[in-house]
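When we follow the working numbering, the leftmost residue of the sequence shown carries the number 371, and every step to the right adds one. For every residue, glycine included, the Cβ atom is placed at its ideal position computed from N, Cα and C. This report concerns only the one structure given below.
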Amino acid sequence: MSAAGITVATPLRHPARGRRAVVFAYHNVGVRCLKVLLAGGVDVALVVTHEDSANENIWFESVVSLCRSEGIAYTTPADAKSAELLARVRAAQPELMFSFYYRHMLPAELLAVAPAYNMHGSLLPEFRGRAPVNWAVLHGADVTGATLHEMTVKPDAGAIVAQMEVPILPDDSAFEVFGKVTVAAEQALWRVLPTLLAGTAPRLPNDLTRGGYFGGRTPEDGRIDWQLPAQQVYNLHRAVAPPYPGAFTDVAGVRYVIERARLGKDTCEQISNVAALSLPPGLAVVDNCIFGVCGDGRMLTISALSADGAAVSAQQLHSRLAASASGQ
């Protein structure tokens with residue numbers, strides 16, 4: 371049944387065995403961490419989540435589906451600051467609150483209801499704020515992870531309760547790293563949950579003089595500046611590669627999105643390294659291979675390129691680039 375944005379699934383679970391909690395959750399991290407709480411005997415009285423956006427590529431798991439299968443009451447309010455949501459959370463009488471990749475900031479009134487903990491997708495204090503995995507890849511970090519920390523009005527500023535790190539390999543995309551961070555979040559929560567429920571969890575300093583805050587990202591942030599060194603262009607590609615919107619470049623009114631690329635010594639690049647020295651920055655076709663020529667003379671080998679959602683072959687791109695150069 372549903373009313374005023376509140377949906378209550380038919381109860382399926384046994385009576386609660388543990389402390390009572392309200393959980394704000396979305397995305398894969400929300401699903402996995404919610405499962406950890408259930409496995410740990412936490413009485414999840416209410417889940418606050420989001421309606422999926424029709425304008426977004428939904429490639430991740432559904433918190434709503436999990437709530438329905440587990441018989442957990444859930445709500446999808448448009449405004450986390452609404453009086454209705456505050457009343458609903460207070461009525462649940464939680465002893466603890468958790469936020470697992472919930473997309474809205476929780477106001478002070480909500481945080482005052484019960485001790486609250488947030489799972490953040492980086493090794494705090496590094497990469498505080500939005501899209502931490504994408505920013506870590508973009509900046510060429512070789513390690514990241516997940517951090518459970520106390521929630522305060524200031525985002526990602528509370529004391530650290532648990533951390534788990536994962537490597538970022540040189541060719542990892544943000545999607546691949548996010549999968550690792552999801553597992554790290556699950557492990558970090560699982561390990562600390564008994565002491566958290568007992569009130570004896572550690573509280574480690576979160577040194578805000580280190581790291582920094584990063585904002586959200588939009589598809590436009592994937593625009594490639596071919597004058598940059600190849601490593602920076604490659605990091606951008608890795609940071610926004612599908613299922614994210616992708617790194618792109620516009621040529622003669624056509625937007626080309628790099629689906630897959632490498633910065634390495636594969637066969638095509640070995641053939642064409644010298645040729646890059648005489649090619650202008652941007653897309654190029656050499657020996658029937660697609661390249662992205664960068665400002666330092668190095669090239670990305672592009673194995674999958676698309677335009678308007680359709681794959682573009684090396685032959686097609688060669689013809690289009692030639693026509694553009696001749697002014698046709």
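Query raised in the report: With a CB to CB cut of under 6 Å and the five nearest residues on each side skipped, what residues in its chain are close to F548?
Result: The residue labelled residue 548 in the question sits at position 178 within the sequence shown. If we look at F548 and ignore the five residues flanking it on each side, its Cβ neighbours are V503.
Report task. With a 10 Å radius around its C-beta and 16 neighbouring C-beta atoms as the bar for buried, classify A462 as buried or exposed. Result -> As a first step, residue 462 must be located in the sequence shown, where it is residue number 92. Burial call: buried.
Report task. Tell me, please, which residues DSSP counts as bridged to L653. Result -> Here residue 653 corresponds to residue number 283 of the sequence shown, with the count starting at 1. Under DSSP, L653 takes part in a beta bridge, and its partners are G662.
Report task. Check whether the Cβ atoms of P651 and W596 lie closer than 7 Å to each other. Result -> Here residue 651 corresponds to residue number 281 of the sequence shown, with the count starting at 1. Here residue 596 corresponds to residue number 226 of the sequence shown, with the count starting at 1. With contacts defined as CB atoms closer than 7 Å, P651 and W596 qualify as a contacting pair.
Query raised in the report: In whole angstroms, what separates the C-alpha of M489 from that of V392?
Result: Taking the first residue of the sequence shown as position 1, residue 489 is located at position 119. Taking the first residue of the sequence shown as position 1, residue 392 is located at position 22. If you draw a straight line from the Cα of M489 to the Cα of V392, it is about 14 Å long.
Requested in this report: From the DSSP output, in three-state form, read off F545 for me.
Outcome: As a first step, residue 545 is located in the sequence shown; it is residue number 175 there, counting from the start. Looking at F545 - three-state DSSP - the assignment turns out to be helix.
Query raised in the report: Since H519 is in the beta strand (DSSP E), which residue starts that stretch and which ends it?
Result: For the purposes of this step, residue 519 is taken as the residue at position 149 of the sequence shown. Unbroken beta strand (DSSP E) run through H519: V513 to E520.
Report task. Kindly give me the distance between the Cβ atoms of R632 and D541, rounded to whole angstroms, as I take these residues to be in contact under 8 Å. Result -> Locating residue 632 in the sequence shown gives position 262, where the first residue counts as 1. Locating residue 541 in the sequence shown gives position 171, where the first residue counts as 1. The C-beta distance from R632 to D541 rounds to 7 Å, short enough to meet the 8 Å contact threshold.
Query raised in the report: Hey, quick one: how far does the alpha helix (DSSP H) through R438 stretch, first residue to last?
Result: Within the sequence shown, numbered from 1, the residue matching residue 438 stands at position 68. It spans V433 to E440 - the alpha helix (DSSP H) in which R438 sits, taken as one unbroken run.
Report task. May I ask which residues mark the beginning and end of the beta strand (DSSP E) holding L455? Result -> Residue mapping note: residue 455 aligns to position 85 of the sequence shown, counting from 1. Annotation: L455 is outside any beta strand (DSSP E); the continuous alpha helix (DSSP H) that includes it extends over A453 to A462.
Query raised in the report: Over what stretch of residues does the alpha helix (DSSP H) that includes V399 continue unbroken?
Result: As a first step, residue 399 must be located in the sequence shown, where it is residue number 29. Per DSSP, the unbroken alpha helix (DSSP H) holding V399 starts and ends at H397 to A409.
Requested in this report: Give the single residue among S673, D666 and V507 whose Cα lies nearest to the Cα of V656.
Outcome: On the sequence shown, position 286 is the one that residue 656 refers to. Out of S673, D666 and V507, S673 has the C-alpha closest to the C-alpha of V656.
Query raised in the report: Are A493 and E546 closer than 7 Å when you measure CB to CB?
Result: For this step, residue 493 is matched to residue 123 along the sequence shown. For this step, residue 546 is matched to residue 176 along the sequence shown. Note on identity: in this sequence residue 493 is Leu, with Ala being the wrong assignment. Cβ atoms of L493 and E546: not closer than 7 Å.
**Report entry** Nonlocal neighbours in the same chain, by C-beta distance under 7 Å from E639, ignoring five residues either side
**Finding:** Counting from one through the sequence shown, the residue named residue 639 turns up at place 269. With a pLDDT of 49 at E639, under the threshold of 50, the modelled position of this residue cannot be trusted; read the value that follows with caution. Once the five neighbours on either side are set aside, the close Cβ partners of E639 are M669 and T671.
Query - Contacts around T522, its chain only, beta-carbon distance under 7 Å, and the 5 residues preceding and following it disregarded - result: Reading the sequence shown from its first residue, position 152 is the one you call residue 522. Excluding positions up to five away in sequence, the list reads G528.
Report task. Following the continuous alpha helix (DSSP H) through Q685, name the residue where it begins and the one where it ends. Result -> As a first step, residue 685 is located in the sequence shown; it is residue number 315 there, counting from the start. It spans A684 to A695 - the alpha helix (DSSP H) in which Q685 sits, taken as one unbroken run.
**Report entry** Residues sharing a beta bridge with F468, DSSP
**Finding:** Here residue 468 corresponds to residue number 98 of the sequence shown, with the count starting at 1. BP columns for F468 point to V393 and Y487.
Query raised in the report: How close, in whole Å, do the beta carbons of I538 and T514 come, if the pair is a contact with beta carbons under 8 Å?
Result: Here the question's residue 538 lines up with position 168 in the sequence shown. Here the question's residue 514 lines up with position 144 in the sequence shown. A Cβ-Cβ distance of about 6 Å is found for the pair I538 and T514, placing them in contact under the 8 Å criterion.
**Report entry** Stretch pair the segment 605–620 + the segment 572–583: three plus CB contacts closer than 8 Å
**Finding:** No, they do not touch.
Query - Limits of the alpha helix (DSSP H) - the one that P502 falls within - result: Position 132 of the sequence shown, counting from 1, holds the residue named residue 502. That run of the alpha helix (DSSP H) goes P502 to L508.
Query raised in the report: How should A501 be labelled, buried or exposed, when 16 other C-beta atoms within 10 angstroms of its C-beta is the threshold for buried?
Result: One-based indexing of the sequence shown puts residue 501 at position 131. Buried, since its Cβ has 16 or more Cβ neighbours within 10 Å.
Query raised in the report: Which same chain residues, not among the five before or five after P575, have their C-beta less than 8 Å away from its C-beta?
Result: On the sequence shown, residue 575 is found 205 positions in, with the first residue counted as 1. Counting only Cβ-Cβ distances below 8 Å, and skipping sequence neighbours, we find A529 and I530.
Query - 8 Å Cβ shell around N605 - same chain, five flanking residues per side excluded - result: Indexing the sequence shown from 1 puts residue 605 at position 235. The residues are V507, L508, H509 and G510.
Query raised in the report: Which word fits E556, buried or exposed, when buried means at least 16 other C-beta atoms lie within 10 angstroms of its C-beta?
Result: The residue labelled residue 556 in the question sits at position 186 within the sequence shown. If you draw a 10 Å sphere on the C-beta of E556, you find 16 or more other C-beta atoms in it, and that means buried.
Query raised in the report: Between the C-alpha atoms of C659 and A684, what's the straight-line distance to the nearest angstrom?
Result: Translated into positions along the sequence shown, residue 659 becomes position 289. Translated into positions along the sequence shown, residue 684 becomes position 314. One C-alpha to the other measures close to 6 Å.
Query raised in the report: Which of the three DSSP states, helix, strand or coil, is assigned to R561?
Result: Here residue 561 refers to the residue found at position 191 when the sequence shown is read from its first residue. Here R561 sits in helix by DSSP.
Requested in this report: Per DSSP, which residues does M669 bridge with? Please list them.
Outcome: As a first step, residue 669 is located in the sequence shown; it is residue number 299 there, counting from the start. Under the DSSP definition of a beta bridge, M669 partners with V663.
Report task. Following the continuous alpha helix (DSSP H) through V603, name the residue where it begins and the one where it ends. Result -> As a first step, residue 603 must be located in the sequence shown, where it is residue number 233. That run of the alpha helix (DSSP H) goes A600 to V610.
**Report entry** Pair within 7 Å by beta-carbon distance, A450 and V417
**Finding:** Start at 1 with the first residue of the sequence shown, and residue 450 comes out as number 80. Start at 1 with the first residue of the sequence shown, and residue 417 comes out as number 47. No, the pair does not count as a contact, with Cβ atoms beyond the cut-off.
Query raised in the report: For A699, which option in A622, G410 and G586 has the closest C-alpha, if you only look at C-alpha atoms?
Result: Past the edges of the chain, shown from 371 to 698, lies residue 699, and the structure says nothing about it.
Requested in this report: State the CB to CB distance for the pair T419 and V433, rounded to an integer number of angstroms; the pair is presumed to be in contact (CB under 8 Å).
Outcome: Translated into positions along the sequence shown, residue 419 becomes position 49. Translated into positions along the sequence shown, residue 433 becomes position 63. Yes, T419 and V433 are in contact; Cβ-Cβ is about 4 Å, under 8 Å.
Requested in this report: Please look up how many angstroms separate the CB atoms of G410 and L563, rounded, as I've assumed it's under 8 Å.
Outcome: Numbered from its first residue, the sequence shown carries residue 410 at position 40. Numbered from its first residue, the sequence shown carries residue 563 at position 193. Between L563 and G410 the Cβ distance is about 5 Å, and since that is below 8 Å, they are a contact.
**Report entry** Which of helix, strand or coil DSSP assigns to T619
**Finding:** Reading the sequence shown from its first residue, position 249 is the one you call residue 619. T619: strand per DSSP, three-state reduction.
Report task. Starting from A677, follow its DSSP beta bridges and name the residues at the other end. Result -> As a working note, residue 677 is residue 307 in the sequence shown. Looking at the DSSP output, A677 sits in a beta bridge with Y626 and A680.
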